[in-house]
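Asker: If you scroll down you'll find the structure; I have some questions about it.
Number of protein chains: 2
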Amino acid sequence: MSILLAAADVLRCFSSTRHDVTVTDLVALLDMPKSNASRLLRTMRDAGLLETVGDSKRYRPSVLLHQAGQVYRFSASLIDRADAVVARVSAEIGHTGYISVRQGTDIIGVTAHPGRHALRVVTAIGDRIAAFASSTGRALLARLPDDEIRRLYAGGFAPPSATAPQSFDELFARLAVERARGYAESEDEAVRGVGAISVAVGDPVSGDEVALCISFPAAMASAAERAAIITSLGQGAAEIAAITKDPRFIPLSSSIAE
Amino acid sequence: MSILLAAADVLRCFSSTRHDVTVTDLVALLDMPKSNASRLLRTMRDAGLLETVGDSKRYRPSVLLHQAGQVYRFSASLIDRADAVVARVSAEIGHTGYISVRQGTDIIGVTAHPGRHALRVVTAIGDRIAAFASSTGRALLARLPDDEIRRLYAGGFAPPSATAPQSFDELFARLAVERARGYAESEDEAVRGVGAISVAVGDPVSGDEVALCISFPAAMASAAERAAIITSLGQGAAEIAAITKDPRFIPLSSSIAE
DNA sequence: TCAAAAAGTTCCACTAAATGGAACTTAAGT
DNA sequence: ACTTAAGTTCCATTTAGTGGAACTTTTTGA
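In structure tokens, the structure reads:
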């Protein structure tokens, strides 16, 4: 196994709640001998992938990763376009908006626009949530044929809450509804008390696919507000789909769009 | 040599003008055998560090790098970064450096790095000075629109010395010059015999704004030394602004930057 | 202040992966 | 279809990674 695999695993340890790691963290998180953990961190630092925090034994990502990460952000123009739409809708509605991408069965936030309300959803960029149990995830999954989804979840899945899909049948039923409507919705699923509405759009040339999402306190969103979010997001995504000529784009069903 | 070194070199190939690389790009850029380039890119992709663009032979950074880069972005606070820059410039020039924040119409020192010269400026951390009558203060005020500054000084202000702005007109004239130049300067204003050069930078996400300042005996600083301070501070602040994506950052005017 | 415990580093024989030249396959240009 | 460029695979050689244990440093708490 290449050391790059191990290095990538180290990077996956970082999140909004873990800004740095130590040798023992790695031993616990990745179940590796501490001799390895020690050398791996030092080698990654020597390579310039990590940097030590002050002169402590704590390691965190370096500027190099930040710069390379920025390239990702801008290389995918789809993300820029989607981000612009979400920024506009978020500013209009006042709730938090963000865009996410799927990696296997995980969803990762890429950009975020905090809402203006006192009670707002704070999404940590870079955190992973389960695709099948989130509106963003299902908006993206809905673009795939059922057999591909089944293959993706060959190992089954563990529902994080009672409101998330509990079985394949339930997941496919939800996806069917969401495909018909043109948007995905979640409430109290991956995150307690949080509701979200998402649409997905892709770029067939680059192969990128992103979800546009508005997230709000579940108790706070009226039906009218939900409708406003759905039409704004849906129209914005439709505009992008028209530009990228996305063949898999699922438009809003006419009964809602009007 | 560890493959991590090579991987880091690959990441260094990415920039705002190179969003993706191919095997031949690597061969040219890093002068490596193409067998290596081919395997390196594939291994990095398999590890999740890179992803292929569409189904082409072009590789670009992955979300994983974006995610880890975001952690860097949030892990080091604005104050830490600014302090690192000021510490470096202070050590280089020999004069006292400090960083300050604004609280209403007051400026408060947060960290300080004493100079090495016999005659040095000693700033007490935590002391308040008037924002409008200091280079740090004006560097921070320059980031605000004029009407907001007027609102801030609705109660008027009392010039502490003859060299400080005596009126609103004079303050705005000074700010206009400082906005054009990209740095603020003071001499004999709040503190007798002391000159200072400051630049400001902010983090739109956290809302923090800090001033980076080098302070020196007014009689002791040559034009060349001033110029060195300005470019060092300006470049350091610009790097921070790039990381935080500070939309209000005022870069050095090109006539000075060169 | 000191000893015990925890955290981190270094050592070493062993194993697995990286290297680069050349042959081979695939895609692109005329 | 032919030619060239681009990318991949093969192979023996070299080099780096592995993990257990011994060792050093740092932290903790009586």
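Chains as they are written, first to last, in the working numbering: chain A, 2 to 259; chain B, 2 to 259.
Every residue, glycine too, gets a C-beta built ideally from N, C-alpha and C.
Note that this is a predicted model, so its numbers are computed, not measured.
#1: Might you give, ordered along the chain, the residues of its own chain that have their beta carbon closer than 6 Å to the beta carbon of Asp-10 of chain B, omitting 5 neighbours on each side?
#2: When burial is assigned at 16 or more other CB atoms within 10 Å of the CB, is Ser-17 of chain B buried or exposed?
#3: In angstroms, rounded to a whole number, what distance separates the CA positions of Thr-25 of chain A and Lys-35 of chain A?
#4: For Arg-61 of chain B, which residues in chain A fall below 7 Å Cβ to Cβ?
#5: Along the alpha helix (DSSP H) that carries Ile-150 of chain B, what are the first and last residues, could you check?
#6: Run through DSSP, which three-state label would Phe-169 of chain B get?
#7: Give the DSSP-derived three-state secondary structure of Glu-240 of chain A in the structure shown.
#8: Of all the alpha helix (DSSP H) runs that stay within the bounds of the segment 54-126 of chain A, which reach a length of 4 or more residues?
#9: Could you check if Asp-170 of chain B is buried or exposed, using at least 16 other CB atoms within 10 Å of its CB as the buried criterion?
#10: For chain A, is any of its Cβ atoms less than 7 Å away from the one on Leu-65 of chain B?
#11: Mind the definition here: the segment 235-243 of chain B touches the segment 158-172 of chain B only if three or more C-beta pairs lie below 8 Å; say whether that holds.
#12: Can you give me the Cβ contacts of Ala-280 of chain B inside the same chain, cut-off strictly under 8 Å, excluding the 5 residues immediately before and after it?
#13: Could you give the distance in angstroms between the alpha-carbon of Leu-50 of chain A and the alpha-carbon of Ala-165 of chain B?
#14: So with Cβ pairs under 7 Å, would you call Leu-39 of chain B a contact of chain A?
#15: Beta-carbon of Ala-220 of chain B versus every beta-carbon of chain A: anything under 7 Å?
#16: Work out the CA separation of Arg-40 of chain A and Asp-21 of chain A for me, nearest whole Å.
#17: Tell me, please, whether the segment 222-238 of chain B touches the segment 78-97 of chain B by the rule of three or more beta-carbon pairs shorter than 8 Å.
#18: Mind checking which residues open and close the beta strand (DSSP E) that includes Arg-129 of chain B?
#19: Apply the 10 Å Cβ neighbour rule to Ala-201 of chain A and answer buried if 16 or more other Cβ atoms are within range, or exposed otherwise.
#20: Sort B:Phe-217, B:Arg-144, B:Ala-191 by Cα distance to Gly-116 of chain B and report the nearest one.
#21: I'd like the span of the alpha helix (DSSP H) that includes Asp-204 of chain B, first residue to last.
#22: For Ala-197 of chain A, which beta-bridge partners are listed by DSSP?
#23: Got a sec? Which residues, its chain only, sit under 6 Å from Arg-129 of chain A by beta carbon, not counting five neighbours each side?
#24: Please classify Leu-253 of chain B: does DSSP put it in a helix, a strand, or coil?
#25: Cutting at 7 Å between CB atoms, please list the residues of its own chain near Pro-248 of chain A, excluding the five before and the five after it.
#26: Looking at chain B, is there any beta carbon in it that lies within less than 7 Å of the beta carbon of Ser-57 of chain A?
#27: Could you tell me which chain A residues have their CB closer than 8 Å to the CB of Val-54 of chain B, listed as they occur along the chain?
#28: Taking the C-alpha atoms as reference points, what is the distance between Arg-61 of chain A and Ala-113 of chain B?
#29: Rounded to whole angstroms, what's the CA-CA distance from Pro-146 of chain A to Tyr-184 of chain A? Just pull it up for me.
#30: Can you list, in chain order, the residues of the segment 18-51 of chain A whose Cβ is nearer than 7 Å to any Cβ on chain B?
#31: Can you give the beta carbon distance from Pro-161 of chain A to Ala-181 of chain A, rounded, assuming they're within the 8 Å contact cut?
#32: Check whether the Cβ atoms of Tyr-100 of chain B and Ala-83 of chain B sit closer than 7 Å, and answer yes or no.
#33: As a quick exercise: from A:Ala-163, A:Arg-151, A:Arg-74, A:Ala-159, pick the residue whose alpha carbon is nearest that of Leu-176 of chain A.
#34: In angstroms, rounded to a whole number, what distance separates the CA positions of Met-45 of chain B and Val-211 of chain B?
#35: So for Arg-19 of chain B, helix, strand or coil by DSSP?
#36: Provide the residue(s) that pair with Leu-51 of chain A in DSSP beta bridges, ordered along the chain.
Answerer: If we stick to the structure as given:
#1: Leu-31
#2: exposed
#3: 7 Å
#4: Val-72, Tyr-73, Ser-76
#5: 147-153
#6: helix
#7: helix
#8: 64-76, 78-94
#9: exposed
#10: yes
#11: no
#12: Examination of residue 280 of chain B is not possible in this model, given that chain B is present from 2 through 259 alone.
#13: 47 Å
#14: Going by the sequence as given, residue 39 of chain B is Ser instead of Leu. Answer no: the Cβ-Cβ gap between Ser-39 of chain B and chain A never drops below 7 Å.
#15: no
#16: 16 Å
#17: yes
#18: 129-131
#19: buried
#20: B:Phe-217
#21: Careful: Asp-204 of chain B lies outside any alpha helix (DSSP H) and carries neither H nor E.
#22: A:Ser-187, A:Ser-216
#23: Asp-107, Ile-109
#24: coil
#25: Pro-205
#26: no
#27: Ser-76, Ser-207, Gly-208
#28: 25 Å
#29: 16 Å
#30: His-20, Asp-21, Thr-44, Met-45, Ala-48, Gly-49, Leu-50
#31: Not really, about 25 Å apart at Cβ, beyond 8 Å.
#32: According to the sequence shown, residue 100 of chain B is Ile rather than Tyr. Yes; because the gap between Cβ atoms is below 7 Å, this pair is in contact.
#33: A:Arg-151
#34: 39 Å
#35: strand
#36: A:Pro-62
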